[in-house]
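J.:
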Amino acid sequence: AKEMNGNTYRAFSSEQMGPDMKKIRLENDLYRALENNELELFYQPQVRLSKNVVIGVEALVRWNHPLYGKISPSEFIPMAEDTGLITSIGEWILEEACSQAKSWQEQGLCSLRVAVNISAQQFQRECLVETVKEVLARTELAPEFLEIEITENTLLLNTEETVTTMKRLKNIGVRISIDDFGTGYCSLQYLREFPIDTLKIDKVFIDDIKAENSSAPITTTIIALAHSLNLHVIAEGVEMLEQQKFLQANKCDLVQGFLYSKPVQASEIPEFCNK
Ligand code: C2E
Ligand code: CA
Ligand code: CA
Ligand code: CA
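Note that full-length UniProt numbering has the sequence shown beginning at 660, numbered continuously upward.
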């Protein structure tokens, strides 16, 4: 292709980098992202439907790349896993989120809890539980204000160690939430065996609530399932009032989505609590 367009340099100028070149460049740059302060957490409010109050936030990481601008976590978290950087990046995310939650509490604005995403690989690392303990000690955040979000696919990886890790986290007092519930390949058996606090209904089921042949029966069934197991249930990706009304009518506990707020910088969170 290089010879065909007659310009051997073109493929190497930064603007013209192909997707592979970009990926290689990003992977290299990720090693420096932490020390260069290029990572930033955004926070998305979680709202209790019955009272219309913000009771927590989900921390969502962003990478401000000097050349490419904001890079999505769906793009660079897998790279962090491939390179092993997920350990240091994951610890930074955890500490940043916990110290932010502590700082909101100290400002006396509200006692928000913070949900932190933990990727499958991160969950399998032996050091995770120790890291969580250390971070809570350093930031002095009470453990019940930290919720760990893992996906069903994390539970598939290595059941015995996974149960142990979950139980140890539970013993510390942190909460555990199953993210993207209903999209994994897991048997529902784990719901009885694992110490879970919350099911998070995936956005795909919320998207087409009003469509023909919709996911509405799946959503109502997940809500009923959660409640019958004494679990909390939260819907993600709520964008329209119709969806809120449906979820309210069906007694979903919590909601999160663009209808209430996009993920915002930490400084914008206090105004949500005073409403
Ligand atoms: P997720 O955990 O399922 O997060 C929800 C994603 O949906 C977020 O994208 C959020 O910004 C977006 N979202 C929230 N509400 C709405 C809505 O109403 N409509 C639409 N269209 N989107 C909405 P984001 O921030 O790009 O994160 C993508 C994924 O990257 C996350 O999916 C999560 O799996 C992963 N991720 C994000 N932050 C972290 C992190 O700190 N650590 C780890 N390990 N993974 C993370
Ligand atoms: Ca999540
Ligand atoms: Ca999710
Ligand atoms: Ca999702």
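A virtual CB, placed ideally from N, CA and C, is assigned to each residue, including glycine.
(1) Reducing DSSP to helix, strand and coil, say where Thr-813 ends up.
(2) By Cβ distance, which residues of its chain are closer than 7 Å to Phe-671, with the 5 residues on each side in sequence left out?
(3) Have a look at Leu-890 and Arg-851 and give me their C-alpha separation to the nearest angstrom.
(4) Determine the extent of the beta strand (DSSP E) in which Ser-836 is found, giving its start and end residues.
(5) Compute every distance between the C-beta of Glu-734 and the non-hydrogen atoms of ligand 2, then say whether any falls below 7 Å.
(6) If I follow the unbroken beta strand (DSSP E) through Phe-931, where does it start and stop?
(7) Helix, strand or coil: how does DSSP classify Arg-691 here?
(8) Which one or two residues does DSSP pair with residue 948 in a beta bridge?
(9) Nearest to Thr-798 by alpha carbon, out of Asn-817, Gln-759, Lys-681?
(10) I need the straight-line Cα distance from Gln-781 to Val-713, nearest angstrom please.
(11) Between Ala-875 and the rest of its own chain, which residues show a CB-CB distance below 6 Å, the 5 nearest in sequence each way excluded?
(12) Can you tell me the Cα-Cα spacing of Leu-698 and Asn-687, whole angstroms?
(13) Measure the C-alpha to C-alpha separation of Val-794 and Leu-753 and round it to an integer number of angstroms.
(14) Mind checking Gly-749: buried by the 16 CB within 10 Å criterion, or exposed?
(15) Nearest to Ala-908 by CA position, among Ile-882, Tyr-919, Ala-925, Gly-916, is which residue?
(16) Tell me whether Asp-861, by its Cβ, gets closer than 7 Å to a heavy atom of ligand 3.
(17) Between Thr-742 and Ala-756, what straight-line distance do the alpha-carbon atoms span, to the nearest angstrom?
(18) Assuming Ala-779 and Glu-806 form a contact by the criterion Cβ under 8 Å, report the distance between their Cβ atoms to the nearest whole angstrom.
(19) By DSSP, does Phe-671 sit in helix, in strand, or in coil?
(20) Any residue with its Cβ nearer than 5 Å to a heavy atom of ligand 2 should be included. What is that list in chain order?
(21) Does Glu-808 pass the burial test, meaning 16 or more other C-beta atoms within 10 Å, or should it be called exposed?
(22) I want to check one thing, is the minimum distance from the CB of Phe-905 to the heavy atoms of ligand 1 below 7 Å?
T.: This is what the structure gives:
(1) Counted from its first residue, the sequence shown places residue 813 at position 154. If DSSP states are grouped into helix, strand and coil, Thr-813 belongs with the helices.
(2) As a working mapping, residue 671 is identified with position 12 in the sequence shown. Note on Phe-671: pLDDT 46, under 50, position unreliable in the model; the coordinate value appears next. Around Phe-671: no qualifying Cβ.
(3) Reading the sequence shown from its first residue, position 231 is the one you call residue 890. Reading the sequence shown from its first residue, position 192 is the one you call residue 851. So the two alpha carbons sit approximately 11 Å from each other.
(4) Numbered from its first residue, the sequence shown carries residue 836 at position 177. Its beta strand (DSSP E) spans residues 834 to 840.
(5) As a working mapping, residue 734 is identified with position 75 in the sequence shown. It does not: the Cβ of Glu-734 is nowhere closer than 7 Å to a heavy atom of ligand 2.
(6) Position 272 of the sequence shown, counted from the first residue, corresponds to residue 931. It is not in any beta strand (DSSP E) - Phe-931 instead sits in the alpha helix (DSSP H) that spans 928 to 932.
(7) By 1-based counting over the sequence shown, the position of residue 691 is 32. It is helical.
(8) With the chain represented from 660 up to 934, any question about residue 948 goes unanswered, as that position is not in the structure.
(9) As a first step, residue 798 must be located in the sequence shown, where it is residue number 139. Nearest of Asn-817, Gln-759, Lys-681 to Thr-798, Cα basis: Gln-759.
(10) Taking the sequence shown and counting its residues from 1, one reaches residue 781 at position 122. Taking the sequence shown and counting its residues from 1, one reaches residue 713 at position 54. Rounded to whole angstroms, Gln-781 to Val-713 spans 28 Å at the Cα level.
(11) Position 216 of the sequence shown holds residue 875. Cβ within range, chain order: Ile-868.
(12) Within the sequence shown, the letter at position 39 stands for residue 698. Within the sequence shown, the letter at position 28 stands for residue 687. Answer to the nearest angstrom: the Cα atoms are 15 Å apart.
(13) Looking up residue 794 in the sequence shown gives position 135. Looking up residue 753 in the sequence shown gives position 94. The alpha-carbon atoms of Val-794 and Leu-753 are separated by roughly 7 Å.
(14) On the sequence shown, position 90 is the one that residue 749 refers to. With 16 or more other Cβ atoms within 10 Å, it is buried.
(15) As a position in the sequence shown, residue 908 is number 249, starting the count at 1. Checked all of Ile-882, Tyr-919, Ala-925, Gly-916; the closest Cα to Ala-908 is Ile-882.
(16) Counting from 1 along the sequence shown, the entry for residue 861 is found at position 202. Yes, ligand 3 has a heavy atom inside 7 Å of this Cβ.
(17) The residue given as residue 742 occupies position 83 in the sequence shown. The residue given as residue 756 occupies position 97 in the sequence shown. Approximately 23 Å, taken between the alpha carbons.
(18) Stepping through the sequence shown from its first residue, residue 779 is reached at position 120. Stepping through the sequence shown from its first residue, residue 806 is reached at position 147. Not a contact, Cβ separation roughly 17 Å.
(19) Start at 1 with the first residue of the sequence shown, and residue 671 comes out as number 12. With a pLDDT of 46 at Phe-671, under the threshold of 50, the modelled position of this residue cannot be trusted; read the value that follows with caution. Correct three-state label for Phe-671: helix.
(20) Per the Cβ criterion, the list is Asn-776, Glu-808, Asp-838.
(21) On the sequence shown, residue 808 is found 149 positions in, with the first residue counted as 1. By the beta-carbon neighbour count (other beta carbons within 10 angstroms, threshold 16), Glu-808 is buried.
(22) Numbered from 1 along the sequence shown, position 246 holds the residue referred to as residue 905. It does not: the Cβ of Phe-905 is nowhere closer than 7 Å to a heavy atom of ligand 1.
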